[in-house]
Every structure is written in structure tokens, then in C-alpha cells.
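First to last, the protein sequences are chains A and B.
If you count the first sequence from 1, position 77 lands on 76 in numbering that gives the first Met the number 0, and the numbers rise without skipping.
If you count the second sequence from 1, position 182 lands on 181 in numbering that gives the first Met the number 0, and the numbers rise without skipping.
Ideal Cβ placement from N, Cα and C applies to all residues, glycine included.
In what follows, a single structure is set out as C-alpha cells and then discussed.
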Amino acid sequence: MANTVNQRVVTPEHLLFEAPRTKAFITGSEAASEAVRRANVDIAIAYPITPQSETMERIGNLFAEGYIRDYYRAEDEVGAFSAISGASRTGVRCMTASSGPGLMRGLETIASWPGHRLPLVFLIMCRVINAPLSIQPDNLELDYMLTSGNILLHGENQQDFFDYTLAGFAISEKCEVTLPVAVAVDGFFVTHARAWVEMPSAELKLPPRDCYSEAVPMIDNENPPVRIARDAPIQKSNFISYQMHAAWQQEIHAAHERSRKWVSRYINGLVEVVNPEAETLIVASGSAVSQSREALRQAEEMGKKVGLIKVKSLRPFPTAELRAACRHAKRIIVPEFNCPGWLNREVRATLYGHSEAKIADGPRVYGGITMPTELILEWLFKSE
Amino acid sequence: MNGNEYRVKPGPEGLLPPAAACCGVILPEKGQGLVEGALKSENDTLRVMARELLTRQNPTIFPGPLVLWAWREGVADKAASVLELANEIPGVRIIPMPDYRPIYPKIDPEAVINPCHPNLTIWHNKIEVCVFIGVHCHFANITLKMIRAGTNCYTITLCHAAGHEDSMASLPFADANQVRALTAAIRKLKREGLRPRYADTPGIQLTAAQEALSQGLVWQPAPVA
Chain A
0 MANTVNQRVV TPEHLLFEAP RTKAFITGSE AASEAVRRAN VDIAIAYPIT
50 PQSETMERIG NLFAEGYIRD YYRAEDEVGA FSAISGASRT GVRCMTASSG
100 PGLMRGLETI ASWPGHRLPL VFLIMCRVIN APLSIQPDNL ELDYMLTSGN
150 ILLHGENQQD FFDYTLAGFA ISEKCEVTLP VAVAVDGFFV THARAWVEMP
200 SAELKLPPRD CYSEAVPMID NENPPVRIAR DAPIQKSNFI SYQMHAAWQQ
250 EIHAAHERSR KWVSRYINGL VEVVNPEAET LIVASGSAVS QSREALRQAE
300 EMGKKVGLIK VKSLRPFPTA ELRAACRHAK RIIVPEFNCP GWLNREVRAT
350 LYGHSEAKIA DGPRVYGGIT MPTELILEWL FKSE
Chain B
0 MNGNEYRVKP GPEGLLPPAA ACCGVILPEK GQGLVEGALK SENDTLRVMA
50 RELLTRQNPT IFPGPLVLWA WREGVADKAA SVLELANEIP GVRIIPMPDY
100 RPIYPKIDPE AVINPCHPNL TIWHNKIEVC VFIGVHCHFA NITLKMIRAG
150 TNCYTITLCH AAGHEDSMAS LPFADANQVR ALTAAIRKLK REGLRPRYAD
200 TPGIQLTAAQ EALSQGLVWQ PAPVA
């Protein structure tokens, strides 16, 4: 039987960049599970929710095939994310996944992962947050993730979902990072649609997690140096207790800064820039990038030069990269699949004082509406 | 330098100084060191560390769990190298950080340093230069931030991993060889004529708590205030 025992361990660099790849026409859910097949995962725990369910069902199949050492369906998202916390503390490689309302249910636990310095990978298949009840695509939940302390990558397509998931494990477990990595894609557009995905051989896998080389001790009752509990409540009412908690929070932000090097290395930069010399720019992440690419092509057919900045990493946010890429811009639009416009807010805050470009407050669609390229073109040129 | 002007100097820096990593200080690669926020060669970093250890008040080594127990091959040798280092620093003290949990109702600052209130140990013992070794990076980092905020202690880190932006001098990927290289740098400085601040009190100095233990007395923690 094919299983992880028969796979050959290679470095993350070899698996991500050097190993020969073959193409497969697969869904995003299949791409994510194929990444997990090659990730040497010890345990996967989740609670089903649309549109995440198909991925976790396929990861259950990986358990049956012997590619994952343990797997179960938790009682709900609070249970799933808490169990993953415990698993990560014991030093094993672990992953979970959720969507919109499920993510919101477990948000307290999700926001506790970074403070506990828990390496893990969290797949987010974005969907509307209820109510009213809907299962349609919308990435509002990423707004809540932005200040959760998790590293947050936003994939454009099925290929990104495969590559970012594999990279997430490697980034998460670096000693100077030691943080959870959330890999998000827009539900249905990516998870349930097929596209060509290039993948290295399934006979290869990542090295196992080296939990004794991370920033905190693991819970290991056999090893004296780490037979110590950690993260006891810091709630004694005196200044120094407050200061420790403050320093602890600073350390999470510092770890994000340190992660820039590894995020950039493993996903080929925090941004991708197309037509950097253009004065009219689109800044987008996730599926909005794909729509923007097509709008850019149509604009070129109309004889208009438009640039595109694909934001791959939301946390750490590509501050320096965005400022550099926008230094010649005169007009910027930020297409998004959510109502509040969290990327627009990030872009404005980042470029404030660093660009003279006018930043349009849109376009945005939400609640399951698709983003027609005509809408992007209209916003691009309506000032003319 | 890393293209930014932020400097990580001894404090006290005040209420809540920023994390150096968020001010543009980046970690050194293998073969490099970090001195006050600037990238240096390993040799230059060792020389700075050696000078500070020989000239500042009450040099102290803070060994953490990763060198206090021989839990892995190579650790015993690394611990031996720490003792060799201590023997070259006249007047040095060794105060361990064996555990990261808060110690309530209060710590004995002569017995341990604790990441929940490291400044108590620094203040009580009037430590103006210290070496962290074998402390897990997360706990070293938060401790270093608090020391820099509230004390004037010069912090040195011999890190088994990627190093520490918030210490004044940091060497990454430090195994027993790097510890012995620091010992050699200290010997070289002394050979070059640098007279250690505590030249007249050579050897490792015991704290009162350690003295009591060494004499076979039953040591009790400090009474609760």
C-alpha cells in the first residue's frame, strides 16, 4: 500500500522548486489534499463545513491510505482547533481547515495559537459569514484573521493552494517563526473548480517536524529539559506581569517580521507585480487577482496600460514591496470579494505618505456575487 | 548595518520599547553576529562580547534548560564549554533559568532568573552584563525585551538557533565551538593587556543562596513579604 513510509524525505527547497513536476487537471480541494499527501503530516483534525468539507474528506482518505498518522472529525470547530493546539504542543506536524462561520466559531482558539507559539497549517476555504444563511463565496472572515497573529497567505488559484500549503509547513516550523500559517483561498472559485496544477512526485515528502529546534519547549514527559509547563496565566496584578504580556505580544509581531524572509523564499516573494511601470494599478489578492488578470488583458486590447500587484501574503503584509511597486502610480483600484474592503484599508494605511496615487474605494462584490471583468474595467477608467 | 539606524543599546529604554525586529533589525546568518542591531562578522562579535564581559559590573551567565540537562548528544560538552567560559571571566556568577513558569509568590533573585520578572534578578544582583545560553528563543526574546526596558544590563546571547535582535550582542547557531571561541577571545583580550574589572577576584562567585547550598545548609526561599 502506498503510504508515507515509502515516500522519500527531501528538503522543502527540493520539493517546492527543484523536483520535476507533472500537470494534473484538479480542483482546489484536490490540490490542497495533494499538498498534504507530500507534507509528512502527523495528524489532521477538523469539523466539516461547506466548502471545506471536500478537502477534509480527501485528507481522511489520505489517512486510510497511510499518508497521515492520525485523523478524526472533532465535535465542532472549538473542539477541532483546541485539539490541534494540543497536538502542536506535543511536537507533531498538524493541520486543520474551516470556512466562514466555522472559522468564526473557533476564532478565540485560532487567536490563541500564535501566543502559544504553535506551528501548524490552517486551511481556509472562504465563504459568507452567516446570517442570513448562505454558503456562497465571500472572504470577510479574512478581515478577522488579519489581527489574529497568524501568518496569512491568500492563494489566487489551485496552483497556489498546492504550493502555499506545502510552503506553510516549512515556514511555520522555522525556529525564529514558530507560528501558525493560515492558507486561504476563495471557496468554490478555487476549491470546487478545476485547473491545471503542477506537482512534484507523490513519492517525495517534507522532512518530519523537528520540534526540539523551535522557539518553545514541547510537551514531552520523557525529556527533562522540556518537562516544564509553559504559558501559565500571566495575570498577577502588578506592573511586571503586564510588561511580560506586552513583551509576549511584541514577540509575536517580531516573529512575523522574521517570517518575511521565509515567506518570501518559499512562495517566491510576498507580491507579484505585472507591468510595474503603469500609472494605473490594480492591487488584489485571492480570486480577485485572476479576474484582474483578465481585466488587464482586456484593457491592453483597448490600448490601455494597466499594472497589477498580486498580494500573496496578507500577514506579514508586503509593506516595502507595495510602496516600491506603487511609487509611480497615479490611480489604484482594489477589487475585493467582501463588503468592508479589508484589503483596501490595508493598502491605504500602507501607502499613506508614500504615494500620491488616488486610491479608489472599490470595486467590491460579496454575498456570493462574482466579479465581472467589466466591473473592474469600469472602476479602472471611470475617472477618465 | 542593515540599512536602518535603529540601535539596540543597554537600557533602561523606558516603559515599552519596541521589538527590534519591528524596527528593521534583521537576524544574522551563520558566520555573522549582531552587535547593537548591526550585522558584524562572528570574530568581531566575539571580541565585543569578550570586552563587555571583562569590563562591566557583575558579569553573570544565565544557562537555560537546553544546557542544564544532558538530554541530547552534545549537550554535556556544551555545558562543559560554558563552565570553561565562566572560568575565564573573573568574578562571574552563574544564575540558571531552569523553568519558564511564573514563580509565585516571589522568586529568590539569587537562585534563579525567571522570564516573568527577569529585572528582579538583574536589579538585586546589580548585573550589568549577562550571557544567555540554552534558553528557548521565545522566552529569551521576551526576557531580553524586559531587561532592555527596565535595566542597564548589557545582554549577550549565544543562541543555538537564529539569534536575538533584542540583545546587544548575539551570535546565532552557537554550539560548544562558538562558546569556546568566546572563551578564546577573552583569553586573547587578557593577553593583549586588558585588565578585567574583577582581576583581583578570579573564579566563579557564588550568590548567598548558592553559598548556603555549597556549605550543606538547607536553603529556604526568601520569606513572603
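For residue 160(B), the chain A residues whose C-beta falls within less than 7 Å of its own C-beta are 174, 175, 212, listed in chain order. Along the segment 131–143 of chain B, going in chain order, the ones with a CB nearer than 7 Å to a CB of chain A are 135, 136, 137, 140, 141. Under the Cβ criterion (8 Å, minimum of three pairs), the segment 47–54 of chain B does not count as touching the segment 92–108 of chain B. With respect to residue 135(A), residue 194(A) sits apart: the two C-beta atoms are not nearer than 9 Å. The beta carbons of residue 118(A) and residue 179(A) sit closer together than 9 Å. One thing to note: residue 27(A) has its Cβ no nearer than 9 Å to the Cβ of residue 255(A). Shown here for residue 165(B): same chain residues with a beta carbon closer than 7 Å to its own, the five before and five after excluded, namely 7, 18, 19, 140, 143, 144, 147 in chain order.
Against chain B, a Cβ distance below 7 Å from residue 247(A) picks out 141.
Rounded to the nearest whole angstrom, the C-alpha separation of residue 199(B) and residue 187(B) is 19 Å. Excluding the 5 residues flanking it on each side, residue 347(A) has same chain C-beta neighbours closer than 7 Å at 358, in chain order. A straight line joining the alpha-carbon of residue 381(A) with that of residue 281(A) spans about 14 Å. Of the candidates 360(A), 335(A), 353(A), 375(A), 335(A) places its Cα closest to the Cα of residue 366(A). Nearest in C-alpha terms to residue 21(B), of all of 327(A), 257(A), 331(A), is 257(A). Bounds of the beta strand (DSSP E) holding residue 31(B) are 31–34. The beta carbon of residue 19(B) sits closer than 9 Å to some beta carbon of chain A.
Counting only Cβ-Cβ distances below 8 Å, residue 168(B) has no contacts in chain A at all, with the closest Cβ about 17 Å away. With a threshold of 9 Å between beta carbons, residue 99(B) makes contact with chain A. Put simply, the CB of residue 145(B) is near chain A, with a gap under 9 Å to one of its CB atoms. Listed along chain B, no residue sits closer than 8 Å to residue 34(A) by beta-carbon distance, the nearest being about 26 Å off. Residues of chain B whose Cβ lies closer than 7 Å to the Cβ of residue 215(A) are, in chain order, 135, 137. Among the CB atoms of chain A, one or more fall inside 9 Å of the CB of residue 64(B). In terms of beta-carbon proximity, residue 256(A) lines the interface with chain B, with at least one pair separated by less than 9 Å. Taking 9 Å as the CB threshold, residue 25(B) lines the interface with chain A. Within the segment 122–177 of chain B, the complete beta strand (DSSP E) segments of 3 residues or longer fall at 128–132, 153–157, 168–170, listed in chain order.
Between the alpha carbons of residue 152(A) and residue 183(A) lies a distance of about 6 Å. Around the C-beta of residue 120(A), 16 or more other C-beta atoms lie within 10 Å, and the residue is accordingly described as buried. Excluding the 5 residues flanking it on each side, residue 327(A) has same chain C-beta neighbours closer than 7 Å at 276, 278, in chain order. The Cβ-Cβ distance between residue 73(B) and residue 208(B) does not fall below 9 Å. For residue 212(A), no alpha helix (DSSP H) run applies, since DSSP gives it neither H nor E. Within chain A, not a single residue places a beta-carbon under 8 Å from that of residue 193(B); the smallest gap is close to 34 Å.
Residue burial is scored here from C-beta neighbours: residue 10(B) has at least 16 other C-beta atoms within 10 angstroms and is therefore classed as buried. Chain A places a beta carbon closer than 9 Å to that of residue 115(B), counting this residue as a contact.
Residue 52(B) has no beta-bridge partner at all, per DSSP. When the alpha-carbon of residue 67(A) is set against those of 51(A), 91(A), 78(A), the nearest one is in 91(A). Within chain B, no C-beta atom comes nearer than 8 Å to that of residue 12(A); the closest sits roughly 16 Å away. If the five residues before and after residue 338(A) are omitted, its C-beta is found closer than 7 Å to the C-beta atoms of 139, 363, 365, all from its own chain and listed in chain order.
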